[in-house]
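According to the working numbering, the sequence shown is numbered sequentially starting from 12. Since the structure comes first, as structure tokens, the remarks are kept for the end.
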Amino acid sequence: MDFVISRVAMSVCALLVAGVLSGAVSLPQFEGEDIELRGIVEGFCGTAEDVAGSSSEVELTWTVPSLASGAVVGITVGCGLVTAESGDSRAMARPGCGIHLWEWDGTTLNRSHVEALDDGSLPLLVQSGDSMLLKSITVDFEGFSHPMLFVSVCG
């Protein structure tokens, strides 16, 4: 009888060890990072949309967070796409507003001028701990006052 009980106990322990080891190296750990990165990208895009949609000129600083594990997150902000990366994980989103990465010099703008400035802008590359300035400015666009969102690296 003791022989049967010890064999059952050893089998249960072996199953527990196998379960623990498979959980430690399986994909859900990395899926969690993907979800965190998606949350970071969507958080940035939501903040940008709030600043762009405000009824007045607004300046806001947004700091790139780290993952819950402490891993560094790299953010790339382009005129039409925001990407967050950490290790092998990546998340992307398109903000619901136009993001401009150049500085307005006070001149009257038109569509082709804005497109040329956007096309000539390099993407912003920032990582955890770095801050970006999101600034909504009312500009003179084709003879009308028009709000535009400008993003730059702080410091």
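Cβ coordinates follow ideal geometry from the N, Cα and C atoms, glycine included. Predicted, not measured: the structure shown is a model, and the values here were computed from it.
Give me whichever residues DSSP pairs with residue i in a beta bridge.
i	result
Ile86	Ala95, Val137
Val162	Leu145
Ser122	Just to set this straight, residue 122 is Arg in the shown sequence, not Ser. The partner list for Arg122 (beta bridge, DSSP) is empty, contrary to what the question assumes.
Ser100	Ser97
Taking 7 Å as the threshold (C-beta atoms), are residue j and residue i in contact?
i	j	result
Pro106	Ala59	yes
Trp115	Val150	yes
Cys56	Ala104	yes
Can you find the residues in the same chain that come closer than 8 Å, C-beta to C-beta, to residue i, ignoring five residues on each side of it along the sequence?
i	result
Glu44	Leu78, Ser80, Ala82, Ser97, Gly98, Ser100
Val84	Leu48, Ile51, Val75, Pro76, Ser77, Leu78, Ala95, Glu96, Ser97, Gln138, Ser139
Val164	Leu135, Val137, Asp141, Ser142, Met143, Leu144
Gly64	Cys108
Please report the straight-line C-alpha distance between residue i and residue j, rounded to a whole angstrom.
i	j	result
Ser37	Arg49	In this prediction, Ser37 has a pLDDT of 42, which is less than 50 and means its spatial position is unreliable; what the coordinates show is noted afterwards. Approximately 20 Å, taken between the alpha carbons.
Gly154	Arg122	11 Å
Glu53	Gly166	24 Å
Leaving out the 5 sequence neighbours to the left and right, which residues in its chain are closer than 6 Å to residue i when beta-carbon positions are compared?
i	result
Phe152	Leu120
Ile86	Val75, Ala95, Val137
Less than 7 Å between C-beta atoms, sequence neighbours within five positions excluded: which residues of the same chain meet that for residue i?
i	result
Val62	Val69, Leu71, Leu145, Ser147, Leu160
Ser132	Cys90, Leu112, Trp113
Do the region 111-121 and the region 150-159 meet, that is, are 3 or more Cβ pairs less than 8 Å apart? yes
Kindly confirm or deny that the region 123-130 and the region 70-81 touch, where touching means at least three C-beta pairs closer than 8 Å. no
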